[in-house]
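A.B. asks: Structure below; questions to follow.
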Amino acid sequence: MANEIVASVNNRITEMQKNEGLKLPANYSPSNALNSAWLTLSDNSKGPSLLDKTSPQSQAKALLNMVIQGLSPAKNQVYFIPYGKDLTLMRSYFGSLAILKRLDNVQDVWAEVVREGDKFQIGSDRGRTVVKVFEPRIENQDNDIAAAFAVIVDNNGVENFTIMTKKQIDQSWSHAKTKKVQQEFPEEMAKRTVLNRAAKFFINSSSDNDLLLGAVNETTADEYDNAEPKDVTPNFDDLIDSKPKEEPKHAANTKETKSKETDQADRTEHRPVTDKEVANLFQNQANK
């Protein structure tokens with residue numbers, strides 16, 4: 001099934017390039033990225049592989065969104081995170097950088113973390129918040145993170161600053177499906193968080209292909225808990241030949257008449273992986 005999924009996604013990408021205007025980076029190979037992803041998903045060196053843990057539909061969705069965004073696990077631009085039976089694609093800081101640098105309204109982009117003891121001062125320039133002074137010190141590199149900021153340079157050469165305090169960063173992390181990775185890689189994740197916030201305006205105001213922008217926004221949204229379950233099966237019937245799941249007997253019931261036992265079963269079905277599993281997963285991908 002895994003190789004069938006990879007082949008189907010590859011074929012779908014070819015169709016999108018031919019008929020739907022999808023444009024990928026000139027030096028990007030969808031086949032190489034998919035093969036690299038397949039090796040990651042099939043790795044069972046520390047237990048059941050992600051292919052065994054998650055549904056084919058969610059695997060296809062994650063792989064398709066990865067290629068549409070022109071990203072690859074071989075460059076540490078994405079992570080694959082299991083959430084219940086769903087495989088979730090997560091961009092790394094490097095993946096977010098790559099996306100922004102592809103946009104037609106961005107010249108340059110970077111992010112930094114500010115640690116306790118660093119000299120950091122913000123100000124205002126024509127009503128816009130800017131970083132006036134940032135002087136990191138080597139002796140502060142092991143100190144706690146105090147803040148993070150991102151800079152996006154637009155086509156007019158204007159530096160657009162986005163600043164987040166550690167409290168704001170923690171608040172953002174509190175809504176994530178998986179939280180252990182923030183503890184394991186706090187610097188990269190803090191940069192990534194502030195960069196994703198800064199990117200919203202540039203992504204949504206870009207004239208780039210809607211397929212790219214849709215995949216970028218969907219990948220970001222998939223990382224966070226939602227009030228309602230997300231259906232990952234639509235639009236993938238042409239990718240995977242699989243029978244639709246039977247409608248649960250209690251599906252027709254209203255939320256008000258759902259039993260407590262059913263609610264508990266739903267929560268168990270969609271529980272996140274354990275902290276230990278996530279830590280091992282990110283460590284494995286970081287070492288590749």
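For the sequence shown, this note's numbering assigns the number 1 to the initial residue and increments by one for each residue that follows.
For every residue, glycine included, the Cβ atom is placed at its ideal position computed from N, Cα and C.
1. What does the alpha-carbon distance come out to for the pair Ala-215 and Asn-204?
2. Quick one, are the C-beta atoms of Ala-190 and Lys-167 less than 9 angstroms apart?
3. Using the beta-carbon count (16 or more within 10 Å), is Gly-330 buried or exposed?
4. Specify whether the stretch 193-202 and the stretch 142-152 touch according to this definition: at least 3 beta carbon pairs, one from each stretch, less than 8 angstroms apart.
5. With a Cβ-Cβ cutoff of 9 angstroms, do Thr-219 and Asn-65 count as a contact?
6. Would you decide whether Glu-228 is buried or exposed? Buried here means 16 or more other CB atoms lie within 10 Å of its CB.
7. Alpha helix (DSSP H) containing Tyr-83: first to last residue?
8. Given that a residue counts as buried once 16 or more other Cβ atoms are within 10 Å of its Cβ, and exposed if not, what is Gln-59?
9. Where does Ala-37 fall in DSSP's three states?
10. If you reduce the DSSP assignment to three classes, tell me which class Ala-121 lands in.
11. Take the Cβ of Pro-30 as the centre, count every other Cβ of all protein chains shown within 10 Å, and call the residue buried at 16 or more, exposed below.
12. Between Phe-80 and Glu-112, how many whole angstroms is the CB-CB distance? I'm expecting something under 8 angstroms.
13. Does the distance from the C-beta atom of Val-78 to that of Gly-95 stay below 9 angstroms?
14. With DSSP run on the structure shown, which of helix, strand or coil describes Gln-17?
15. Please check the pair Ser-36 and Ala-74, which I expect to be a contact at CB under 8 angstroms, by giving their CB distance rounded to whole angstroms.
16. Kindly indicate the opening and closing residues of the beta strand (DSSP E) around Gln-168.
17. Thinking Asn-140 and Glu-116 are a contact (beta carbons under 8 angstroms), I'd like their distance in whole angstroms, please.
18. Which whole-angstrom value is the C-beta distance of Phe-161 and Val-114, which I expect to be below 8 angstroms?
19. Pull up the distance between the alpha-carbon of Tyr-83 and that of Ile-145, whole angstroms please.
20. Report the CB separation of Asn-44 from Phe-202 in whole angstroms; it is logged as a contact under 8 angstroms.
21. Taking only the alpha-carbon atoms, compute the straight-line gap between Trp-173 and Leu-50 and give it to the nearest angstrom.
C.D. replies: So, from the listed chains and residues:
1. Mapped onto the sequence shown, residue 215 falls at position 215. Mapped onto the sequence shown, residue 204 falls at position 204. Between Ala-215 and Asn-204, the C-alpha separation is close to 12 angstroms.
2. Within the sequence shown, numbered from 1, the residue matching residue 190 stands at position 190. Within the sequence shown, numbered from 1, the residue matching residue 167 stands at position 167. Contact: no.
3. The requested residue 330 does not occur in the structure, where the chain is confined to residues 1 to 288.
4. yes
5. To locate residue 219, count along the sequence shown from 1; it is residue 219. To locate residue 65, count along the sequence shown from 1; it is residue 65. Against a cut-off of 9 angstroms, the Cβ pair of Asn-65 and Thr-219 comes out as a contact.
6. Reading the sequence shown from its first residue, position 228 is the one you call residue 228. Because Glu-228 carries a pLDDT of 39, less than 50, the predicted location of this residue cannot be relied on, and no value is offered for it.
7. Locating residue 83 in the sequence shown gives position 83, where the first residue counts as 1. Premise fails: Tyr-83 lies in the beta strand (DSSP E), 78-83, not in any alpha helix (DSSP H).
8. Taking the first residue of the sequence shown as position 1, residue 59 is located at position 59. Buried: at least 16 other Cβ atoms inside 10 Å.
9. What you label residue 37 is simply residue 37 of the sequence shown in a count that begins at 1. It is helical.
10. Walking along the sequence shown from the start, residue 121 turns up at place 121. Inspection of the sequence shows that residue 121 is occupied by Gln rather than by Ala. Gln-121: strand per DSSP, three-state reduction.
11. Against the sequence shown, residue 30 aligns to sequence position 30. By the 10 Å Cβ count, Pro-30 comes out buried.
12. Numbered from its first residue, the sequence shown carries residue 80 at position 80. Numbered from its first residue, the sequence shown carries residue 112 at position 112. About 27 angstroms; that fails the 8 angstroms criterion.
13. Along the sequence shown, one-based indexing puts residue 78 at 78. Along the sequence shown, one-based indexing puts residue 95 at 95. Yes, Cβ-Cβ distance for Val-78 and Gly-95 is below 9 angstroms.
14. On the sequence shown, position 17 is the one that residue 17 refers to. Looking at Gln-17 - three-state DSSP - the assignment turns out to be helix.
15. Sequence index remark: in the sequence shown, residue 36 carries index 36 (1-based). Sequence index remark: in the sequence shown, residue 74 carries index 74 (1-based). Confirmed, about 4 angstroms.
16. If you number the sequence shown from 1, residue 168 lands on position 168. Careful: Gln-168 lies outside any beta strand (DSSP E), inside the alpha helix (DSSP H) at 166-173.
17. Indexing the sequence shown from 1 puts residue 140 at position 140. Indexing the sequence shown from 1 puts residue 116 at position 116. Contact holds; Cβ gap of about 7 angstroms.
18. Working through the sequence shown from its first residue, we reach residue 161 at position 161. Working through the sequence shown from its first residue, we reach residue 114 at position 114. That belief does not hold up - the Cβ atoms of Phe-161 and Val-114 are roughly 12 angstroms apart, past 8 angstroms.
19. Position 83 of the sequence shown, counting from 1, holds the residue named residue 83. Position 145 of the sequence shown, counting from 1, holds the residue named residue 145. The straight-line gap from Cα to Cα measures roughly 28 angstroms.
20. Within the sequence shown, the letter at position 44 stands for residue 44. Within the sequence shown, the letter at position 202 stands for residue 202. Going by Cβ atoms, the distance from Asn-44 to Phe-202 rounds to 39 angstroms, so no, they are not a contact pair.
21. Numbered from 1 along the sequence shown, position 173 holds the residue referred to as residue 173. Numbered from 1 along the sequence shown, position 50 holds the residue referred to as residue 50. Looking at the two C-alpha atoms, the distance is approximately 24 angstroms.
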